[in-house]
Amino acid sequence: GGGDGGGPLEREEALSRARPAPSLSRAENPRPPSSRSPAMPGCELPQGICPDMCPAAERAERERERRLHRLEVAPGCRGGPPRTALATLLAVVARLGPDGARGPLDAVLLQTQVQESFGSLRRCYAQSGGPHPRQATFQGLFLLYNLGSTEALREVLQLPAALRACPALRMALTVDSAFREGNTARLFRLLRSLPYLQSCAVQGHVGHARRLALARLTHALSTSKGQTLPLSFMVHLLALDGLHEARDLCQAHRLPLDGGERVVFLRGHYAEEGLPPAGTCHVLVGSKLQGRTLEEVVMTEEQDEVVHRPAS
Numbered sequence: 001g002g003g004d005g006g007g008p009l010e011r012e013e014a015l016s017r018a019r020p021a022p023s024l025s026r027a028e029n030p031r032p033p034s035s036r037s038p039a040m041p042g043c044e045l046p047q048g049i050c051p052d053m054c055p056a057a058e059r060a061e062r063e064r065e066r067r068l069h070r071l072e073v074a075p076g077c078r079g080g081p082p083r084t085a086l087a088t089l090l091a092v093v094a095r096l097g098p099d100g101a102r103g104p105l106d107a108v109l110l111q112t113q114v115q116e117s118f119g120s121l122r123r124c125y126a127q128s129g130g131p132h133p134r135q136a137t138f139q140g141l142f143l144l145y146n147l148g149s150t151e152a153l154r155e156v157l158q159l160p161a162a163l164r165a166c167p168a169l170r171m172a173l174t175v176d177s178a179f180r181e182g183n184t185a186r187l188f189r190l191l192r193s194l195p196y197l198q199s200c201a202v203q204g205h206v207g208h209a210r211r212l213a214l215a216r217l218t219h220a221l222s223t224s225k226g227q228t229l230p231l232s233f234m235v236h237l238l239a240l241d242g243l244h245e246a247r248d249l250c251q252a253h254r255l256p257l258d259g260g261e262r263v264v265f266l267r268g269h270y271a272e273e274g275l276p277p278a279g280t281c282h283v284l285v286g287s288k289l290q291g292r293t294l295e296e297v298v299m300t301e302e303q304d305e306v307v308h309r310p311a312s
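Heads up: the sequence shown is residues 1 to 312, going by our numbering.
What follows is the structure, encoded as structure tokens:
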């Protein structure tokens, strides 16, 4: 909502501006800092001069707590900064993707990292002259990550019409529209078609979208005697990863099952308790990685943007 105090995205941006810059220890032979971004010629960007970006003791503590950033542990990345700020953001967004080998994630820390990156890059785009070929991808990720946010939609709708017409941003606007309208079939059809990084950005909203869809089905189909629906239909409609996830979803909302293959919509049985089941999201996210590493996904994204860059 838009009150006088501003929404969460605006408050985060204000806090980011007010927050003092962290002190960076100088390396013995620091690389001469460059204040200009090659991708944004008119934009002044903050430049770190410490290769590790934080004291060794702090990095060791975060390593013990499994809180290291992906770019701190990837081979070849520790000795120099990423090529572009957007590549960093894409890596953080992709870090949200499923990977059991990484262990438990700090969701609050990741969300803070992503929102701060979005705020920083939004200011960079606003302060520099265009055109920027990758801005549509960035703005699309911003909208998908904040799906359903009135503030995020307002920010995007204030962009130039030519930018909003780019395929990446147009797709994000279409997904946001389907989510707002409660058009379940269209929403999950669109989510199936999203590329990997965009799927990672929107993944946090999948559980909520499935809960809303199940609530609508319950309202439409519930009777005093009970009406059944095949779980296979729900698997297809909600892009679930199999019948087991459909059963888990129904049981989490106290909907009875008939023989393990059908759900029974009985009036008065539906209930919402706690967060909706997140699911593994293999169909919507994991399957799209197709054996690539996170770095390969991010670099492919960069190369694709260069290939499709409009002629100036």
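The beta-carbon is built from N, C-alpha and C at its ideal position, and this holds for glycine as well. If you're wondering where the values come from, they're calculated on a predicted model, not measured in any experiment.
Coil, strand or helix - residue i by DSSP
{"i": "V297", "result": "helix"}
{"i": "C77", "result": "Low per-residue confidence applies at C77: pLDDT is 43, beneath 50, and the placement is therefore not dependable enough to give any value."}
{"i": "E216", "result": "Glu is not the amino acid found at residue 216; the sequence shown has Arg there. Three-state result, R216: helix."}
{"i": "V175", "result": "helix"}
{"i": "D248", "result": "helix"}
{"i": "V264", "result": "strand"}
{"i": "Q158", "result": "coil"}
Short Cβ contact (9 Å threshold) for residue i with residue j
{"i": "S199", "j": "K288", "result": "yes"}
{"i": "L214", "j": "L238", "result": "yes"}
{"i": "G265", "j": "G226", "result": "In the sequence on display, residue 265 carries Phe and not Gly. Yes, they are a contact pair."}
{"i": "L229", "j": "L221", "result": "yes"}
{"i": "G140", "j": "A165", "result": "no"}
Residue burial classification, residue i (beta-carbon count within 10 angstroms, cutoff 16)
{"i": "E245", "result": "buried"}
{"i": "A162", "result": "exposed"}
{"i": "S117", "result": "buried"}
{"i": "L134", "result": "First, the amino acid is wrong: residue 134 is Arg here, not Leu. By the neighbour-count rule (16 or more Cβ atoms within 10 Å), R134 is buried."}
{"i": "R78", "result": "Because R78 sits at a pLDDT of 42, beneath the cut-off of 50, its placement in the model cannot be relied upon, and the following sentence gives the value as read from the coordinates. Exposed."}
{"i": "R189", "result": "exposed"}
{"i": "Q158", "result": "exposed"}
{"i": "Q290", "result": "exposed"}
{"i": "L294", "result": "buried"}
Alpha-carbon spacing of residue i relative to residue j, whole angstroms
{"i": "R170", "j": "Q127", "result": "23 Å"}
{"i": "G286", "j": "V175", "result": "19 Å"}
{"i": "R122", "j": "D248", "result": "39 Å"}
{"i": "F142", "j": "R210", "result": "21 Å"}
{"i": "E58", "j": "P131", "result": "39 Å"}
{"i": "E296", "j": "L110", "result": "21 Å"}
{"i": "E63", "j": "P160", "result": "43 Å"}
{"i": "L275", "j": "G204", "result": "11 Å"}
{"i": "C124", "j": "G242", "result": "43 Å"}
Expected contact under 8 Å - CB spacing of residue i and residue j to nearest Å
{"i": "V263", "j": "C281", "result": "In fact, because the Cβ distance is near 21 Å, the residues do not count as touching under 8 Å."}
{"i": "L191", "j": "L284", "result": "5 Å"}
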